[in-house]
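Engineer: Dumping the structure here so I can ask a few things about it.
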Amino acid sequence: MNQQDKKIKTVVVVGGGIAGWLTAGRLAAHHKSNTPDGLNVVLVESPNVPIIGVGEGTWPTMRSTLIALGISETDFIRECEASFKQGAKFAKWVDGSNDDFYYHPLVLPQGFSKTDMAGHWLNNTVESASFSNAVCYQEAICEQGLAPKTIRTPEYAAIANYAYHLDSAKFAVFLQKHCTQQLGVKHIIADVTQVNSAKNGDIASVTTKQQGEISGDLFVDCTGFSSLLLGEHYKVPFKPCDDVLFIDTALAVQVPYDNEDERIASHTISTAQEAGWIWDIGLQHRRGVGYVYSSKYSSEAQAREKLKAYVGDKIESLTVRKIPIKSGHRSHFWQNNCVAVGLSAGFLEPLEASALVLVEMSAQMISEQLPHTRDIMDITAKRFNETFTYRWEKIIDFLKLHYILSNRDDNAFWRDNRDPKTIPQSLQDLMKLWQYRAPADHDFTSNNEVFPAASYQYVLYGMGFKSDYSTTAYMLKDTVFAKSQFDKNKSMINQAVTNLPSNRELLNKIKHHGFSAI
Amino acid sequence: MENLVALEQSAHQHIKIDTQKAQSHAKNLNMIPVVMAELSQIAVQQPIVFAKNSETGEFTLNALLGFEQHENLFYQQSQWQGVYLPLQLQRQPFFVGDTHAQQTQYPVCINLNSPAVVDNSAQSENNLEPIYTQSAEESGYFKQIKQCLGHLLQGELDNKKLIAALLKYELLQPLSLEVTFENNQKTKLNGLYTINQDKLAQLNSEQITILHQSALLPAIYTVITSLGQIYPLIERKNAVLNLADD
């Protein structure tokens, strides 16, 4: 058999963080690694490298990921301190005043697929609510601290679409247990000391300090920022995007609840600051809070002051961790028989929780499109690279969108963010299109768009952007239907706030009773 | 408002129970909880369905009595309309008090605000039953009630066993039911579950033997058979609607 017809029988995942375990798990579940003729999935984890634990916010995709891994939602919520996330609330992003906020919820706008609801909302004289409140019932649920479902709703089913906040350290341990005990992933604890090449430039094996040589047909680089295989071995260049997204430092702190009845927000709260923004994520046992800022526009001492002002005096007794952030991604992600997933592929500020969703999408594509033989792999690699280059670029556009619509003027950080020189051409083009109409699905070309048109609508109109329909008023004659949709949304708000339990109440019930599968 | 107190001979010697009024506790229920031991009696008059407890999400076993919230088609003209009175109604206005872990004796309690409670009046109507005899002994009626409460306690355990087995073998499925009544009024029943007969047919002989040996198989088939009672229940609703139209 020549090298090119070689069957793909063994996948070696290097790195034991969430990216490593999610990829290994997805591969093992899809390719039946727990059966004798299934794919061999080996995960090599260093006993010495601590995991970074990126982002504690996920997307609703995490539900389908957990289902694909065969995980019970009750177990996941109980063991990972997970809570429900129904989108994000952006506070003080528009002008910095106290009542300045808008929502990017996870439920699509009411009537979105049937008529131009955004256009009707912009030109509506009877509907005075904010965009997200006018077309979506989720903001009301979040504002009242309610859960997206009840204890009677089956596992993974939703009354309002939801994702999770989770404790990433606990999640990694949980995934490890499930992958090794249920899915047939082989776990090797050893330090990779050397990468060994084959004649064709592929990785033939990795040498480890404790367990000798480990060979494989495909290597997944989940080694975090060090990017051991793709970056160090293959020297695939890193493309920084700090000229677009200025954030380069995070100060993170874990904040305990004051008492066991304190409300657990069912959305991520992102509050703009003078040189960045503060995330606030409610887990079951604590909040995760952090200030991500640009060190060009704020000193560390100033940043610590801002964080203290947000958290309060109790921060004095807590440990604040400083994490450098390098925004950007590798120029490509799959080289020869090596593909990078997670931080080894790239990182962006956690404004829209894009880290884990990219891991999930990568793991899904690798497992579902796993090439059968080596000669097919180059085709898969090319397609993977095209797909993910597009996704990274789209995410960068979408994150930047939050900054360019701000009117904040309290620091050069905000003014410079609005400088056209810092705005990607692709985003500038979209903004020109949307001067005269609302974002629509056909503005995007992917069949699995990371941020769909609805997300752009929530941010644009949440931040006060106006699309000018004056020359196309004839597009907005669907007023009776639009009104019926606004009304329907109002009645859904009423229903939701009467029937849903508080987020904390439901989380407590899950601890005691759990969800049933049906 | 309920007024729940532990039953004591000294305090409650003179209380009598109007057994027909006790049935009024079912007045606004469109479902009543039932236990495994009474399924064959229930199955000849009502559909038996599973639902979820709103506080815990756990599955419960119930007789379906109506299609709308608070609609009980088996409670008309101030009385229960079925041949068989479910244990949950027979026991009214008594119930079992808080059951602490180490206790072997459960206190019997009474809801003093129940319309069935008659406080030592001179009335001597047919339906009145004393709790205690004149010599302060427990009456025959009350002995029956205690038996009934005992059945309910045991029934709770039986139900748990049944439901655990159904979940283990994935034999429950949502029951979606859209009913159109004679006057074209439509209703949709949500949140109900029943036995998945396809899955049941796919169980292997070992699994069936386990269900048989734990005496759960009759209950499973009784629940399936009882679903036919949906049609008489629709008829009852039609009759009520026709009365309203007249």
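Taken in sequence, the protein lines are chains A and B.
Counting in my numbering, the first sequence runs from 2 upward without gaps.
Counting in my numbering, the second sequence runs from 31 upward without gaps.
Don't be surprised by glycine CBs; every beta carbon is placed ideally from N, CA and C.
For clarity, every value in this text was computed on a predicted model and none was experimentally measured.
Measuring alpha carbon to alpha carbon, tell me which of B:213, B:141, B:120, B:198 ends up nearest residue 63 (chain B).
Structural biologist: Selected option, being the one with the closest Cα: B:120.
Engineer: If you measure beta-carbon to beta-carbon, which residues of the region 72–99 of chain B are closer than 9 Å to chain A?
Structural biologist: So the list reads 81, 82, 83, 84, 85, 86, 87, 88, 89, given in the order they occur along the chain.
Engineer: Taking 9 Å as the CB-CB limit, is residue 503 (chain A) close to chain B?
Structural biologist: No, because no Cβ of chain B sits closer than 9 Å to the Cβ of residue 503 (chain A).
Engineer: Under 9 Å, Cβ to Cβ, is there at least one residue of chain B near residue 198 (chain A)?
Structural biologist: With 9 Å as the cut-off, residue 198 (chain A) does not count as an interface residue toward chain B.
Engineer: What are the uninterrupted segments assigned as beta strand (DSSP E) that are 3 or more residues long and contained completely in the region 132–175 of chain A, given in chain order?
Structural biologist: Those beta strand (DSSP E) runs which fall completely within the region 132–175 of chain A and span 3+ residues are 164–166.
Engineer: By how many angstroms is the C-alpha of residue 140 (chain A) removed from the C-alpha of residue 263 (chain A)?
Structural biologist: Taking the straight line from one Cα to the other gives about 20 Å.
Engineer: Apply the 10 Å Cβ neighbour rule to residue 221 (chain B) and answer buried if 16 or more other Cβ atoms are within range, or exposed otherwise.
Structural biologist: When all chains shown are included, residue 221 (chain B) counts as exposed.
Engineer: Closest Cβ-Cβ distance between residue 162 (chain B) and chain A: below 9 Å?
Structural biologist: So no, residue 162 (chain B) is outside the interface.
Engineer: So which residues on chain B does residue 516 (chain A) lean against when the C-beta distance must stay under 7 Å?
Structural biologist: Per Cβ cutoff of 7 Å: 87.
Engineer: Where does residue 97 (chain A) fall in DSSP's three states?
Structural biologist: Residue 97 (chain A) falls in the coil class under three-state DSSP.
Engineer: Taking the straight line between their C-alpha atoms, what separation do you get for residue 348 (chain A) and residue 309 (chain A)?
Structural biologist: Taking the straight line joining both Cα atoms gives about 26 Å.
Engineer: Could you tell me if residue 504 (chain A) is buried or exposed, where buried requires 16 or more neighbouring beta carbons within 10 angstroms of its beta carbon?
Structural biologist: With 16 or more Cβ atoms within 10 Å of its Cβ, residue 504 (chain A) is classed as buried.
Engineer: Out of A:217, A:345, A:279, A:27, point me to the one whose CA is closest to residue 231 (chain A)'s CA.
Structural biologist: Nearest of A:217, A:345, A:279, A:27 to residue 231 (chain A), Cα basis: A:345.
Engineer: For residue 320 (chain A), which of A:255, A:418, A:160 has the nearest alpha-carbon?
Structural biologist: Taking only the C-alpha atoms, the option nearest residue 320 (chain A) is A:255.
Engineer: Using Cβ-Cβ distances below 7 Å, what residues of the region 153–165 of chain A are close to chain B?
Structural biologist: Cβ contacts with chain B come from 153.
Engineer: Answer yes or no: does any C-beta atom of chain A fall closer than 9 Å to that of residue 257 (chain B)?
Structural biologist: By this cut-off, residue 257 (chain B) is not an interface position.
Engineer: Around the C-beta of residue 258 (chain B), are 16 or more other C-beta atoms found within 10 angstroms, so that it is buried, or is it exposed?
Structural biologist: When all chains shown are included, residue 258 (chain B) counts as exposed.
Engineer: Along the alpha helix (DSSP H) that carries residue 121 (chain A), what are the first and last residues, could you check?
Structural biologist: Residue 121 (chain A) -> alpha helix (DSSP H) spans 118–123.
Engineer: Excluding the five sequence neighbours on either side, which residues of its own chain have a C-beta within less than 8 Å of the C-beta of residue 518 (chain A), listed in chain order?
Structural biologist: Cβ within range, chain order: 73, 155, 156.
Engineer: Here's the rule I'm using: 16 or more other beta-carbon atoms within 10 Å means buried, otherwise exposed. How should residue 343 (chain A) be labelled?
Structural biologist: By the 10 Å Cβ count, residue 343 (chain A) comes out buried.
Engineer: On the criterion of 16 or more Cβ atoms from any shown chain inside 10 Å, does residue 213 (chain A) qualify as buried, or is it exposed?
Structural biologist: Label assigned to residue 213 (chain A): exposed.
Engineer: If we ignore side chains and look at the alpha-carbon of each, how far apart do residue 236 (chain B) and residue 117 (chain B) end up?
Structural biologist: Each residue's alpha carbon lies about 34 Å from the other.
Engineer: Going along the chain, which residues of the region 192–220 of chain B sit with their C-beta nearer than 9 Å to a C-beta in chain A?
Structural biologist: Listed by position along the chain: 197, 200, 202, 203, 204.
Engineer: With burial defined as no fewer than 16 other Cβ atoms inside 10 Å of the residue's Cβ, what is the status of residue 2 (chain A): buried or exposed?
Structural biologist: Confidence at residue 2 (chain A) is low in this model, with a pLDDT of 47, below 50, so its placement is unreliable and the value that follows should be read with caution. The residue is exposed, with fewer than 16 neighbouring Cβ atoms inside 10 Å.
Engineer: At the level of alpha carbons, what is the spacing between residue 534 (chain A) and residue 242 (chain A)?
Structural biologist: What is shown of chain A runs 2 to 519, which leaves residue 534 (chain A) out entirely.
Engineer: Can you check whether the C-beta of residue 223 (chain B) is within less than 9 Å of a C-beta belonging to chain A?
Structural biologist: Answer yes: the Cβ-Cβ gap between residue 223 (chain B) and chain A drops below 9 Å somewhere.
Engineer: Which residue marks the beginning of the beta strand (DSSP E) containing residue 63 (chain B), and which one marks its end?
Structural biologist: Run containing residue 63 (chain B): 61–63, per the beta strand (DSSP E) assignment.
Engineer: Which two residues bound the contiguous alpha helix (DSSP H) that contains residue 333 (chain A)?
Structural biologist: No alpha helix (DSSP H) holds residue 333 (chain A); DSSP gives it neither H nor E.
Engineer: Along chain B, which residues have their Cβ under 8 Å away from the Cβ of residue 510 (chain A)?
Structural biologist: Simply 85, 86, 87.
Engineer: Any chance you could list the beta strand (DSSP E) runs of at least 3 consecutive residues sitting entirely within the region 246–325 of chain A, in chain order?
Structural biologist: Segments of the beta strand (DSSP E) lying fully in the region 246–325 of chain A: 250–257, 269–274, 277–283, 287–294, 321–325.
Engineer: What residue ranges within the region 411–448 of chain A form continuous alpha helix (DSSP H) runs of no fewer than 4 residues, ordered along the chain?
Structural biologist: As far as the region 411–448 of chain A is concerned, its whole alpha helix (DSSP H) runs of at least 4 residues are 413–418, 426–435.
Engineer: Hey, could you find the ends of the alpha helix (DSSP H) residue 29 (chain A) is sitting in?
Structural biologist: Start and end: 19–31.
Engineer: Roughly how many angstroms separate the alpha carbons of residue 292 (chain A) and residue 270 (chain A), rounded to a whole number?
Structural biologist: Taking the straight line joining both Cα atoms gives about 12 Å.
Engineer: Label residue 266 (chain A) either buried or exposed according to how many other C-beta atoms from any shown protein chain fall within 10 Å of its C-beta, with 16 as the threshold for buried.
Structural biologist: That one is buried.
Engineer: Is the Cβ-Cβ distance between residue 402 (chain A) and residue 328 (chain A) less than 9 Å?
Structural biologist: Contact flag unset, no.
Engineer: Give a yes or no on whether 9 Å exceeds the smallest Cβ distance from residue 151 (chain A) to chain B.
Structural biologist: Output row for residue 151 (chain A): interface = yes.
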